[in-house]
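Taken in sequence, the protein lines are chains A and B. Going by this note's numbering, the first residue of the first sequence is number 1, and it counts up by one from there. Going by this note's numbering, the first residue of the second sequence is number 1001, and it counts up by one from there. Glycine included, C-beta positions come from ideal geometry on N, C-alpha and C. Taking it in order: structure first as structure tokens, then the write-up.
Number of protein chains: 2
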Amino acid sequence: MKIKDIGEQGLLKKLQSFCPHDIIGDDAAVLSLDAQKQLVVTTDVLVDGVHFSDITTPPHSVGWRAIAANLSDLAAMGASPLAVTVGLALHGELSVNWVEQMYQGMTSLLAGYDTPIVGGDICRSRLTTISITALGQVNPNHVIKRSTAQPGEVIVVTGVHGMSRGGLELLLNPSLGTHLTQQQRNKLISAHQYPQPCLDLLTHLWEMMETTVITGMDSSDGLGDAVLQICALSGVGAQIDLSSLPSISMISQWFGAEQALNWVLYGGEDFELVLCLAEEKAKRLVEIVGEEAKIIGKIVEEKSVILMDGEKQEYLNFGETFQHF
Amino acid sequence: MKIKDIGEQGLLKKLQSFCPHDIIGDDAAVLSLDAQKQLVVTTDVLVDGVHFSDITTPPHSVGWRAIAANLSDLAAMGASPLAVTVGLALHGELSVNWVEQMYQGMTSLLAGYDTPIVGGDICRSRLTTISITALGQVNPNHVIKRSTAQPGEVIVVTGVHGMSRGGLELLLNPSLGTHLTQQQRNKLISAHQYPQPCLDLLTHLWEMMETTVITGMDSSDGLGDAVLQICALSGVGAQIDLSSLPSISMISQWFGAEQALNWVLYGGEDFELVLCLAEEKAKRLVEIVGEEAKIIGKIVEEKSVILMDGEKQEYLNFGETFQHF
């Protein structure tokens, strides 16, 4: 059944089970923050054909990824999730099942963090567009900023990069990567369709922040973009060691060195954290996170971001990063 | 200049002055609630060609109306505004000026309530879609619910209804209402393009709520819809007195009785409040608000919503209300 056949009220009734609060017109959700905590808020807009498509993302994955992006933003601020709202502009030809599957994807990820959908809006449109706003709360001492990186600190990434982009390319061009095993293909595709936000790390980061400054953001727009943004806002530069980038050798092996570098630095949507902190603490953090976390470089005074490949040096610039425009 | 020519970063820089916080990638906004207050949140999605268009709404009005709808939702919960986020999917052919004008419209209305835009997201799309999430705060004793109306209470509307819809019709069909004076036409068009949310009333409502229960919601989806929703959620019915409806006689005079009734009850987007409370308090409220507020009927035990026109009675049903689907 298509949503144009069921009408707004019919659709809202179907979705009621996913949303305990006001999306069907009940009394609005009223939320409480923990004592002493502050509120953070983040919004993401996803457009059919730009951020998702039938070819790359089944509806369950569309919902999962939309939530993952927002929870990742909260994690990047040091905040734990409180609630989300879902604003939907839906094409009338979409099936009701598509919408239900998408909600299922959203609530599957949210359930792990005990986070409800507390409201939203649904209207019909010629182009399906999903807008998620996530609310989080944070102890004022645990806010992770982008603007506080200092020369002498090292840069840690919490996990692999480039896999999501690799998965996207396989989905768009199934003839690519036919030399990969099914397991390798699945790993890449799963990185694209079901990314995990780094919320589980927060307790460790909060503990470290009692005695040290941590600067950071997530790598949703690419690892290169994250380092560039942190450096620009902190008034510093960085040196990144190419060989230390997690997953670079694996992706190189699979797709060649140039492709690998492009995806790892500019692929985006890996939803890992890029953090700057004192080396000693960074080493402990890498131990805690496990083998996929790595120290990839250091913060320096000179305001350029340089990629070091043995003797070779390359300057990273904003223009090169992945852009939807 | 079109936004496709200026790129994402260029556009974000242009919009920086409207948003003091993270929309351009600065550190995220961290907000504090007043002591003892709870958080409420509301989301609205607006689609080009459905909720606004070049024919009916200049960009300044698009922004104003998007904010008005959300502030009205907050007012309807008894909450004062804290911050908003703006999620934009923008057509590449839109001019940068259009986007700036829209932000100007948003901030013009927000400035009156000292409410900042604290974040958002911008991406390009084949169809311009605007998603606003408004955050508000409310004393737990001052939350206005939809589900607490009691037989014996009367129903108050805080202002005129049907004018916004009348204005919309004039904009869509300029040949309509040629018998109206320019002043009358302007009044209708302004009701559509620049509605005022009822936030200024809140201090009076909070004071009354210290000693009485107030139930209510806003009339954004129509006065009829508001009464039906309150009754359905409260498990009661209502009798509405046709002759008491504000603006019904004026619109009747201008467009005929049938059109007037349809617009006043089902037109929507008037952004007034529909409140149920004890008669004595209601009379005081009407005095406070002034001549455009009226007692329009009463809450009864029998679970129908009946429109009384002298001797004649008509049942109101959800199916008749204005629907975007």
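At a C-beta separation below 8 Å, Leu88 of chain A has these neighbours in chain B: Val1045.
Boundaries of the alpha helix (DSSP H) harbouring Gln101 of chain A: Val96 to Ala111, taken from the DSSP string. Put simply, of A:Val118, A:Ile117, A:Arg126 and A:Ala260 the residue whose alpha carbon is nearest the alpha carbon of Ser247 of chain A is A:Ala260. In the three-state reduction of the DSSP assignment, Pro140 of chain A falls in the helix class, which pools H, G and I. Taken through DSSP and simplified to helix, strand or coil, Arg185 of chain A comes out as helix. Contact annotation: in the stretch 109-124 of chain A, residues whose CB is within less than 8 Å of a CB in chain B are Val118, Gly119, Gly120, Asp121, Ile122, Cys123 and Arg124.
Only Arg1126, Leu1127, Thr1129, Ser1131, Thr1133, Leu1135, Val1138, Pro1140, Val1143, Lys1145, Arg1146 and Ser1147 from the stretch 1126-1150 of chain B bring a Cβ to less than 8 Å from some Cβ of chain A. Rounded to the nearest whole angstrom, the CA to CA distance from Leu1233 of chain B to Leu1090 of chain B is 37 Å.
About 19 Å separates the CB atoms of Thr203 of chain A and Cys276 of chain A; that is not less than 8 Å, and the two are not in contact.
Out of A:Ile230, A:Arg165, A:Cys231 and A:Glu279, the CA that lies nearest to the CA of Val264 of chain A is found in A:Arg165. For Lys1037 of chain B, no beta strand (DSSP E) encloses it, and the DSSP letter there is neither H nor E. Within the model, the alpha-carbon separation for Ser1147 of chain B versus Ile1189 of chain B is close to 34 Å. Close CB contacts of Ala1191 of chain B within its chain, under the 6 Å cut and outside five residues either way in sequence, are with Met1163, Ser1164 and Gly1167 (chain order).
Under DSSP, Glu314 of chain A takes part in a beta bridge, and its partners are A:Leu307.
If you look at His1091 of chain B, you'll find it in the beta strand (DSSP E) that goes Ser1080 to His1091. For Met1217 of chain B, the uninterrupted beta strand (DSSP E) run begins and ends at Thr1215 to Asp1218, by DSSP. Bridge partners of Ile1155 of chain B according to DSSP: B:Cys1276 and B:Gly1297.
A residue is called buried once 16 or more other Cβ atoms fall within 10 Å of its Cβ, and Leu172 of chain A, having fewer, is exposed.
Burial of Asn262 of chain A is indicated by the presence of at least 16 other C-beta atoms within 10 angstroms of its C-beta. When secondary structure is reduced to three states using DSSP, Val264 of chain A falls in the helix class. Secondary structure at Leu31 of chain A: strand, using DSSP grouped into helix, strand and coil. Counting C-beta atoms within 10 angstroms of its own C-beta, Gly1078 of chain B has 16 or more neighbours from the protein chains shown and is therefore classed as buried. Residue pairing by DSSP places Phe52 of chain A opposite A:Asp48 in a beta bridge. Beta-bridge analysis with DSSP links Ala134 of chain A to A:Thr42 and A:Val84.
Against chain B, the beta carbon of Ser32 of chain A has neighbours under 8 Å at Gln1038 and Leu1039, listed in chain order. Taking 8 Å as the cut-off, the Cβ atoms of Glu1301 of chain B and Leu1307 of chain B do not count as close.
Within a 10 Å sphere around the beta-carbon of Lys303 of chain A sit fewer than 16 other beta-carbons, which makes this residue exposed. Beta-bridge analysis with DSSP links Ser1125 of chain B to B:His1091.
The beta carbons of Leu1228 of chain B and Val1305 of chain B sit closer together than 8 Å. Per DSSP, Gln1150 of chain B is not a residue of any alpha helix (DSSP H), being assigned neither H nor E. Note that the stretch 236-247 of chain A does not touch the stretch 175-186 of chain A; fewer than 3 beta-carbon pairs, one per stretch, sit closer than 8 Å.
Setting aside the 5 residues that flank it on each side, Cys123 of chain A is surrounded in the same chain by Ala89, each with a C-beta closer than 7 Å to its C-beta; the list follows chain order.
Residue-level contact by beta carbon fails for Val160 of chain A and chain B, as no gap is shorter than 8 Å. Residue pairing by DSSP puts Ala238 of chain A in a beta bridge opposite A:Ile299 and A:Val305.
The C-beta of Val289 of chain A comes no closer than 8 Å to any C-beta of chain B.
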